[in-house]
Amino acid sequence: MKKYGLIGFPIGHSFSKKYFTEKFEKEEIEDCMYELYPLENIEDVRFLFEVEKNL
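Here numbering that gives the first Met the number 0 is used: the first residue of the sequence shown is 0, the next is one more, and so on.
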């Protein structure tokens, strides 16, 4: 599965997860998902990419 997402902080106000989840569903794209990745420190992005291999 392909993973897409928004990385940053703060991102609680973002509508992107709802938007892309509905878009993938509407267009019958079954092999993709969209997540929010709230990272306060840019140094944590390395760890995120290690954990989320398909991002």
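Note that CB positions come from ideal geometry on N, CA and C, so glycine has one too.
Next on the checklist: Mapping the DSSP letters down to three states, classify E34 as helix, strand or coil.
Outcome noted: strand
Next on the checklist: Measuring alpha carbon to alpha carbon, tell me which residue in L35, D43, M0 and E51 is nearest G11.
Outcome noted: Distances from the CA of G11 to each of L35, D43, M0 and E51 were compared; the closest alpha carbon is that of L35.
Checklist entry - Sorted by chain position, which residues of the same chain lie with C-beta nearer than 6 Å to Y3's C-beta, five sequence neighbours on each side aside? => result Y33
Item to check | Same chain only: Cβ atoms within 8 Å of M0, ignoring 5 sequence neighbours per side | outcome: D30, C31, M32 and N53
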